[in-house]
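Student:
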Amino acid sequence: MSDLIRLSLTTVNAPDAIALARFYAEITGGVAKGDEGWALVEGPNGDIGFQQIDDYQPPTWPDGEVGMQMHLEFFVDDLEATGARVLAAGATRFEHQPNADHCFVYADPAGHPFCLSLWRVPRVGD
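If you read the sequence shown in full-length UniProt numbering, its first letter stands for residue 1, the second for the next number, and so on.
#1: CA-CA distance, N45 and G64?
#2: Helix, strand or coil, according to DSSP, for A100 in the structure here?
#3: Taking the C-alpha atoms as reference points, what is the distance between A32 and T11?
#4: Indicate the three-state DSSP secondary structure (helix, strand or coil) for T92 in the structure shown.
#5: When DSSP labels each residue in this structure, what does E42 get in the three-state scheme?
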């Protein structure tokens, strides 16, 4: 036995877990599995879990009553091309863009902000 703790998965609240998983599977090239209660995207660069919450309230970013609980960052090569893809999949682009020179902020179909960024966040040791 060991007391080692390793990150396994990030799980996101949703009004319909499989619907939101299908959105993220479409934009990342992953595979959505599960049902409306709990779902998983098995992606080419990592997995994301989704759990259904009965009283789900979407964030009202950048200001508002319901703060941003989390957001996902996706490294991309072309902001315009990938932006068009996520819009076609059901995302919306926020009017407020604090870092538009290298990053665009969108909302997924459940209202969670996520970023498409030209800046790759380096991992420790990279």
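Just so it is clear, CB atoms sit at the ideal spot from N, CA and C, and this is done for glycine as well.
Tutor: On the basis of the coordinates in this document:
#1: Rounded to whole angstroms, the separation of the alpha carbons of G64 and N45 is 32 angstroms.
#2: Three-state DSSP puts A100 in coil, outside helix and strand.
#3: Going from the Cα of A32 to the Cα of T11 covers about 14 angstroms.
#4: If DSSP states are grouped into helix, strand and coil, T92 belongs with the strands.
#5: Residue state, collapsed to three classes: strand.
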